[in-house]
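Taking it in order: structure first as structure tokens, then the write-up.
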């Protein structure tokens, strides 16, 4: 298999795998935040801020995979 | 009045630094894929600068700098005008600016507290500047300067330097080293200093990297998504017997809303994380 076809297979799968991890993490984070807001609606603002920071840090990992995708996309040719 | 003064100061200074740093670094190479002739980089929507000046040459290479300068000029002009003509009973424009500035102030105040006044000029500018850069990609004929890693990296480097400077000036040299060493107070934490010091230093350098890559990746991903669906809509016209049609089915409309949401969230996240990094460098008595 040439490296172009290897890349064409591996890049989307890599991004997808990174997205699975992020999705699990985000699901947990947002779910817990929603529970916390439900239990303590007066603290919604603070919880939301903390949740957005956490979500950004989790989602950054998928974005790294996406950036690798963009970098290597040019090598696939076509 | 004070808020307006802050606004004037805030919008004139840091919005210029980002593009200037890219200029200083010898121009923009975000379209690296496009230079090599038969490129297959991510699809991009046509921008106004590209349509006027063609897809190569000076204007194409500096497109991100041009658009970010454009935003900086507009912001500076509007805020200077509003500041010069400020009145006790505000007009519509002044009212609008006061809403923006006060909203930003209250938001940052919930994190920084009484330190807000010192840091709001930088942080407020950062939010509106990044928001404008992100949203420019959604406007037809526009192009997000934040799809260039050079622009986002320069903003992240400014945040990094500002946070370090804040630490040095507010904590002092000794306090700064103490902060980097993890504030050793007990024998155990002194023993951990050789481990904590490199970890904190690497952490400080990782922060701007992650800030830059996050903004760049998100906005590039969003713009490529929109461009891909525009291309899909155009090629889908062949099904209706109209290949080479200049207009396509507007499949990208739902993704514009996603783009608006993502742009706002990413601008917010960049500002929020910058605020947190500065907060971590401020003197704090109760640690952990």
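Chains as they are written, first to last, in this note's numbering: chain A, 1 to 78; chain B, 1 to 288.
All C-beta atoms, glycine included, are put in the ideal place defined by N, C-alpha and C.
It should be emphasised that the depicted structure is a prediction, and the values quoted were computed from it without experimental measurement.
Taking 7 angstroms as the line, does the beta carbon of residue 2 (chain A) fall inside it for any heavy atom of the ligand FAD?
As far as ligands go, the structure on display features none, and thus does not contain the ligand FAD.
Measuring only between beta-carbons, confirm whether residue 66 (chain A) sits less than 8 angstroms from chain B.
By this cut-off, residue 66 (chain A) is an interface position.
Which residue wins for smallest C-alpha separation from residue 74 (chain B), given the options B:189, B:107 and B:128?
The candidate whose alpha carbon is nearest that of residue 74 (chain B) is B:128.
Note down, in chain order, each residue of its chain lying with its Cβ closer than 6 angstroms to the Cβ of residue 13 (chain A), except the 5 sequence neighbours on either side.
Hits under 6 angstroms: none found.
Could you tell me the boundaries of the alpha helix (DSSP H) in which residue 264 (chain B) lies?
Its alpha helix (DSSP H) spans residues 253-281.
Going by DSSP, what residue range makes up the alpha helix (DSSP H) through residue 79 (chain A)?
This structure cannot settle anything about residue 79 (chain A), because the visible part of chain A is limited to 1 through 78.
Would a C-beta distance cut-off of 8 angstroms place residue 233 (chain B) and residue 213 (chain B) closer than the cut-off?
Cβ distance not < 8 angstroms, so residue 233 (chain B) and residue 213 (chain B) don't count as in contact.
Is there a C-beta anywhere in chain B that falls below 8 angstroms from the one on residue 53 (chain A)?
Cβ-Cβ to chain B under 8 angstroms: yes for residue 53 (chain A).
Taking only the alpha-carbon atoms, compute the straight-line gap between residue 51 (chain B) and residue 45 (chain B) and give it to the nearest angstrom.
Spanning the two alpha carbons is a distance of roughly 11 angstroms.
Identify every residue that forms a DSSP beta bridge with residue 47 (chain B).
Paired residues: B:141.
Please confirm if residue 63 (chain A) has its CB atom under 8 angstroms from at least one CB of chain B.
Yes, residue 63 (chain A) counts as interfacial toward chain B.
Closer than 9 angstroms by beta-carbon distance: list the chain B residues that pair up with residue 18 (chain A), in chain order.
Those within 9 angstroms of residue 18 (chain A) in chain B number zero; the least Cβ separation is about 11 angstroms.
Just to confirm, are residue 53 (chain A) and residue 215 (chain B) a CB contact at a threshold of 8 angstroms?
No, the pair does not count as a contact, with Cβ atoms beyond the cut-off.
Would you mind stating whether residue 282 (chain B) and residue 115 (chain B) have Cβ atoms separated by less than 8 angstroms?
Closer than 8 angstroms, so yes.
Can you list, in chain order, the residues of the region 245-265 of chain B whose Cβ is nearer than 8 angstroms to any Cβ on chain A?
Going along the region 245-265 of chain B in chain order, one finds 265 with a Cβ nearer than 8 angstroms to chain A.
In whole angstroms, what is the alpha-carbon distance linking residue 240 (chain B) and residue 231 (chain B)?
If you take the alpha carbons of residue 240 (chain B) and residue 231 (chain B), they lie about 15 angstroms apart.
Helix, strand or coil for residue 71 (chain B)? Go by DSSP, reduced to three states.
Looking at residue 71 (chain B) - three-state DSSP - the assignment turns out to be helix.
Is the region 166-185 of chain B touching the region 197-205 of chain B in the sense that three or more CB pairs, one from each, lie closer than 8 angstroms?
Contact holds: three or more Cβ-Cβ distances are below 8 angstroms.
Decide if residue 189 (chain B) is buried, meaning its Cβ has at least 16 other Cβ atoms within 10 Å, or exposed.
Exposed, because fewer than 16 other Cβ atoms sit within 10 Å of the Cβ of residue 189 (chain B).
Compare the C-beta of residue 25 (chain A) with all C-beta atoms of chain B and state if any pair is closer than 8 angstroms.
Residue 25 (chain A) does not count as touching chain B.
Three-state secondary structure (DSSP) at residue 34 (chain B)?
Confidence in residue 34 (chain B) is poor, its pLDDT being 38 and thus under 50, which makes the residue's placement unreliable; the coordinate value appears in the next sentence. Correct three-state label for residue 34 (chain B): helix.
Grab the span of the alpha helix (DSSP H) containing residue 284 (chain B) for me, first residue to last.
Element bounds for residue 284 (chain B): n/a, residue is neither H nor E.
Please report whether the beta-carbon of residue 60 (chain A) lies at a distance below 8 angstroms from any beta-carbon of chain B.
Yes - at least one Cβ of chain B is within 8 angstroms of the one on residue 60 (chain A).
Alpha carbon to alpha carbon, how far is residue 58 (chain B) from residue 145 (chain B)?
Cα to Cα, residue 58 (chain B) sits roughly 16 angstroms from residue 145 (chain B).
Can you tell which of B:280, B:284 and B:274 has its C-alpha closest to the C-alpha of residue 122 (chain B)?
The shortest Cα separation from residue 122 (chain B) among B:280, B:284 and B:274 belongs to B:274.
Thinking just about the alpha-carbon of each residue, which of B:149, B:254, B:204 and B:47 is nearest to the one in residue 67 (chain A)?
The shortest C-alpha separation from residue 67 (chain A) is found at B:149.
Thinking residue 278 (chain B) and residue 162 (chain B) are a contact (beta carbons under 8 angstroms), I'd like their distance in whole angstroms, please.
At roughly 7 angstroms, the Cβ-Cβ gap stays under 8 angstroms, so residue 278 (chain B) and residue 162 (chain B) are in contact.
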